[in-house]
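Peer 1: Structure incoming, see below.
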Amino acid sequence: MKHLLSTRDLSRTDALAILDTAEQMAAVSQREVKKLPVLRGRTVVNLFFEDSTRTRISFEAAAKRLSADVINFSAKGSSVSKGESLKDTAQTLAAIGADAVVIRHGSSGAPARLAGSGWIDAAVLNAGDGTHEHPTQALLDAFTMRRHWARLHGTASTGTDLTGMHVVIVGDVLHSRVARSDLWLLRTLGATVTLVAPPTLLPFGVESWPCQISYDLDAALETGPDAVMMLRVQGERMQSAFFPSVREYSRRWGFDDVRLGRLDTLGLTDTILLHPGPMNRGLEISSRAADSPRATILEQVSNGVSVRMASLYLLLAGENTPAAPAPLENAQ
Amino acid sequence: MNTYLIRNASLLGKETADLLISDGLISAVGPDLEAPVGAVVIEAEGLIALPGMVDLHTHLREPGREDAETVETGTRAAALGGFTAVHAMANSNPVADTAGVVEQVWSLGRRSGWVDVRPVGAVTVGLEGERLAELGAMADSRARVRVFSDDGKCVSDPVLMRRALEYVKAFDGVIAQHAQEPRLTEGAQMNEGEVSAVLGLAGWPAVAEESIIARDVLLAQHTGSRLHVCHVSTAGSVEIIRWAKERGIRVTAEATPHHLLLTDDLVTSYDPVYKVNPPLRTAADVEALRRGLADGTIDIVGTDHAPHPSEHKECEWAQAAMGMTGLETALSVVQHAMIETGLMDWEGFARVTSLTPAAIGGVQTQGRPLAAGEPANVILVNPSARRTVDPSKMASKGRNSPFAGLELPGVVQATFFAGHPTVLNANLNTPHPVSAEESPWIA
Amino acid sequence: MDLSNPPGASAPARTVLASADIDRALTRIAHEILEANKGAADLVLMGIPRRGYPLALRLAARIAAADPSVDPAAIVGQLDVTMFRDDLARQPTRTPHATQVPLSGIDDKVVVLVDDVLYSGRTIRAALDALTDLGRPRIVRLAVLVDRGHRELPIRADHVGKNLPTASAEKVRVHLHETDSPAVDEVVIEGTL
């Protein structure tokens, strides 16, 4: 692994390596000294072309816990907003000596461009690109689900996948990088996935995706999912006629108090409720649902740091020259 | 002017003959012609002689974007690609929507002397789609404009489109439509399909092209006018055009080399060299276009040569400009996609790259048979040579070739433009000299 | 795991400690630890993955056998040193193992680091750093099954199962039934003759 650009291209082995490493990172975060020396002297640049305080501070905390130097580069108010190209920005970061670039960008594929163009040699971590992917979000979701799944089965989560788990993802799939990353990763890890959305908010061609499609949230809940992921819905989609009104959306596709109660009626005592944040309370998720014991939203946030620590560690800590032969672990 | 004797060329890939070129004309065709005193003899054993290619769809960028291309560089590229005429699209800056601008482009072409440059006039003022440009003035100008297009933008207003179709009947003009329903393609980045869904790029649905073509062929039927459909890219469009032709509607259609070869899964790399409008489509669309071109539903190949400075491609996909270069690869791509697949022979190639485009554009001196007395617009092609496409070696200023690195067949060995060799030994020779009677106009 | 070289099968490999030798060595080390510590009070055994951890468990069992007041499970922990190594950039990235500290913690304890082979000393240096982030032991000692020499740092073991003079080109392989397949206990040297 040189870059982390998407979960679609992430092998099962690499995905499990990140999740297993994240378990060890989570243990570090429980300690008094929440720091490891592993990236000492390495420079991680958070290159954010879109505002996202939560994702940025999560990556920043992760990098700092690994002792990396962190440079935050917000494109707003910088030369980038004055028309500097991605190429020039990348070359500037290369000249500064960035070892990793964590990039958030409004255009799908910008991280792939950065990684594949030869403008910079650093490891590239996609922190969300347009409506394409958000791989670390999917990894933290999978990490959260895996811990839940292991707890339920009384096993250790390390080394296991999500075989047998059924996950329902609800909302604006069309514009959601989280939905895409979640779907590919959950499938790689053996879970089955149902996407629930208004037909206008599903991408053209979604029939070819490896999942079930439903327009009916209540019917999907009746199938007994183990986890329900609610996606953020942006009110401005209403202006583009994706749905008639926020109220209608909320009634048909929101996780409201009635549906929260229905999980109990259906006997789904162990079904958890996820949300990538930030939430629109009262729109896609009711306050009571968000604050219920089923909700893993804060757990997701802290798991985000662990998963990002694991990603940075696995991308940056390894050999930087392929010349050195790998010694066998049992030869000393 | 020199006299040239081309020996043992295969005419349209068929019988072998000699061609004698003098005074701008093909003066004789036949076996074992005698070389006149002072004639330059060109041995063309193994080469195919074809009428010079005519491109109905070229962006020469001048005036306004001389950093992307100039008439000089674009026509050098054209000559190397086997063209003897190109139609320069109207979306320059200023837009070619007045007699003044089209005459400027026309005289720049004359001065360059590499090919016949035929300006295309804008349909609407400033390509704004609001009111008709002075189509008559452009038709009457020295540029003698016959093809009108807002290419890059669609004439989406049905009333305006109807009026334009009607109006150009006065001078046997043709409206070349860029078929793209604007509301259905707001923010569109690539073909809407399985690939766009995965890549998270806003889709350009086939229906946005097909709905405009359907409307326009009905308008052409209603008005009895000539309609040309630029860069057809979908299987559905081919079906609509086939239907229209069966009903006798006066519609012609063009396909680009890139739409005959490339598909939208190339976008997976997010490399904007594959960003183009209309977008690369699916393998099924490519197949339908090839079949349509072979059976005559699609009349011609047009390059949609669209050079861009590198900074407009070395960036994020969404920020990148749309378009690809095509003049220097068109012959090879069409040979690869149509001839090597057995869908078409070289005679068919001449039809779709020379005879029919010249007829649509009303260019009397081009797209003629290889016969004595005809204007000597002739190219010699080595069909068995292969080469790897290297944009850095092209004459065009644009480096945005989607075919870079591909090994393709066919090399243009020589190009004769009005009897003058603009290309010899697959290299640029000299431009056609400016005639004395024209020189005051194009100084 | 190098299955292409099963123990005893390759010509240059020679067994230097058999199963019974390992048992005897561990028993002796357990008694040395108790003796040096004057009993089992405040003892914590921190095994270094992979093979140090099962060795620490075996030592704890022997200590409990000698002193029945000791709960062997309560004095053993695991100390992963991956993130503290100084050679990370020279090797392919390794997935770290878990670090587990006994419930009693390590503050003011006598911590015995346990590993299978002592070689350059760099693993132990990393272990000392890792330990520092977990707490402040009163004393840190080191027990190893094999000391093969070739130290690159000023580190020495307090308890050694066997001192094994080796050439640096030779490889010392420890196989334990808890971690290896086939599940045998032995130490072999693979030469380069």
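Chains as they are written, first to last, in the working numbering: chain A, 1 to 332; chain B, 1 to 443; chain C, 1 to 193. Positions of the beta carbon are idealized from the N, C-alpha and C atoms, including for glycine. Keep in mind the model is a prediction, meaning the values are calculated, not measured.
Which whole runs of the alpha helix (DSSP H) in the segment 148 to 207 of chain A are 4 residues long or more, in chain order?
Peer 2: 177 to 188
Peer 1: Give a yes or no on whether the minimum CB-CB distance between aspartate 20 of chain A and chain C is below 7 Å.
Peer 2: yes
Peer 1: Report yes if the C-beta distance between threonine 166 of chain C and arginine 148 of chain C is below 7 Å; otherwise report no.
Peer 2: yes
Peer 1: In the DSSP assignment, find the beta strand (DSSP E) that holds glycine 74 of chain B and state where it starts and stops.
Peer 2: Taken as a continuous stretch (DSSP letters only), glycine 74 of chain B belongs to no beta strand (DSSP E), being part of the alpha helix (DSSP H) at 71 to 80.
Peer 1: If you draw a straight line from the alpha carbon of serine 181 of chain A to that of glutamate 166 of chain B, how long is it in whole angstroms?
Peer 2: 52 Å
Peer 1: Does any C-beta atom of chain B lie closer than 7 Å to the C-beta of lysine 374 of chain A?
Peer 2: Only positions 1 to 332 of chain A appear in this structure, which leaves residue 374 of chain A out of reach.
Peer 1: According to DSSP, is aspartate 67 of chain B part of a helix, a strand, or is it coil?
Peer 2: coil
Peer 1: Under 7 Å, do glycine 13 of chain B and alanine 330 of chain B count as touching if we go by C-beta distance?
Peer 2: no
Peer 1: Start and end of the alpha helix (DSSP H) containing lysine 64 of chain A?
Peer 2: 53 to 65
Peer 1: Report buried or exposed for glutamate 446 of chain B, applying the criterion of at least 16 other Cβ atoms within 10 angstroms of its Cβ.
Peer 2: As displayed, chain B neither begins before 1 nor continues past 443, which places residue 446 of chain B out of reach and without an answer.
Peer 1: Consult DSSP for methionine 1 of chain A and reduce its assignment to one of helix, strand or coil.
Peer 2: DSSP, reduced to helix, strand and coil, places methionine 1 of chain A outside both helices and strands of the structure shown, so it counts as coil.
Peer 1: Using only alpha-carbon positions, find the residue among B:Thr73, B:Tyr270, B:Gly187 and B:His259 that is nearest to glutamate 287 of chain B.
Peer 2: B:His259
Peer 1: If we define contact as Cβ-Cβ less than 7 Å, is alanine 318 of chain B a contact residue for chain A?
Peer 2: yes
Peer 1: Quick one, which of A:Asp14, A:His175 and A:Glu60 has its alpha-carbon nearest threonine 160 of chain A's?
Peer 2: A:Asp14
Peer 1: Would you identify the three-state DSSP class for histidine 31 of chain C, choosing helix, strand or coil?
Peer 2: helix
Peer 1: Going by DSSP, name the residue or residues bridged to lysine 14 of chain B.
Peer 2: Lysine 14 of chain B is not bridged to any residue.
Peer 1: State the start and end residues of the unbroken alpha helix (DSSP H) segment that holds leucine 290 of chain A.
Peer 2: Strictly speaking, residue 290 of chain A in this sequence is alanine, with leucine absent from that position. Element bounds for alanine 290 of chain A: 287 to 290.
Peer 1: Give every residue of the same chain whose Cβ lies closer than 7 Å to the Cβ of threonine 55 of chain A, excluding the five residues on either side of it in the sequence, and list them in chain order.
Peer 2: Correct list, in chain order: Arg104, Ala127 and Gly128.
Peer 1: For aspartate 133 of chain C and chain A, any beta-carbon pair shorter than 7 Å?
Peer 2: yes
Peer 1: Short of 6 Å in beta carbon distance, which residues of its chain neighbour glutamate 299 of chain A, apart from the five on each side in sequence? Order them along the chain.
Peer 2: Thr144
Peer 1: Within 7 Å (strictly less), CB to CB, does alanine 317 of chain A reach chain C?
Peer 2: Alanine 317 of chain A counts as touching chain C.
Peer 1: Can you pull the chain C neighbours of proline 37 of chain A, defined as C-beta to C-beta under 8 Å?
Peer 2: Within chain C, the residues Met83, Phe84 and Asp129 have their CB atoms less than 8 Å from the CB of proline 37 of chain A, given in chain order.
Peer 1: Tell me the rounded alpha-carbon separation between tyrosine 249 of chain A and alanine 244 of chain B.
Peer 2: 43 Å
Peer 1: Under 7 Å, CB to CB, which of the residues in the segment 114 to 133 of chain A have a partner in chain C?
Peer 2: none
Peer 1: Buried or exposed for glutamine 177 of chain B, please, with buried defined as at least 16 other CB atoms from any protein chain shown within 10 angstroms of its CB.
Peer 2: When all chains shown are included, glutamine 177 of chain B counts as buried.
Peer 1: Residues of the segment 193 to 209 of chain A in Cβ contact with chain B at a cutoff of 8 Å, in chain order, please.
Peer 2: Pro203, Phe204, Gly205, Val206, Ser208 and Trp209
Peer 1: Sort out for me which residues DSSP pairs tryptophan 243 of chain B with in a bridge.
Peer 2: None, per the DSSP bridge assignment.
Peer 1: Is the beta carbon of serine 401 of chain B closer than 7 Å to that of proline 409 of chain B?
Peer 2: no
Peer 1: Taking the beta carbon of proline 135 of chain A as the centre, do at least 16 other beta carbons fall within 10 Å, making it buried, or is it exposed?
Peer 2: Burial call: buried.
Peer 1: Quick check: the Cα distance between glutamine 104 of chain B and threonine 252 of chain B, rounded to an integer number of angstroms?
Peer 2: CA-CA distance, glutamine 104 of chain B to threonine 252 of chain B, rounds to 28 Å.
Peer 1: Counting only the same chain and skipping the five closest in sequence on each side, list residues whose C-beta sits under 7 Å from that of aspartate 265 of chain B.
Peer 2: These residues qualify, in order along the chain: Val195.
Peer 1: Does chain A have any CB closer than 7 Å to the CB of proline 165 of chain C?
Peer 2: no
Peer 1: Considering threonine 89 of chain A, what are the terminal residues of the alpha helix (DSSP H) in which it resides?
Peer 2: 86 to 96
Peer 1: Residues of chain C with CB under 7 Å from valine 33 of chain A, in chain order?
Peer 2: Asp133
Peer 1: So if I threshold CB-CB distances at 9 Å, which residues from the segment 153 to 182 of chain C count as touching chain A?
Peer 2: Lys171, Val172, Arg173, Val174, His175, Thr179 and Asp180
Peer 1: In its own chain, which residues sit with a C-beta less than 7 Å from the C-beta of proline 119 of chain B, not counting the 5 before and 5 after it?
Peer 2: Ala88, Ala96, Val102, Val105, Trp106, Ala143 and Val145
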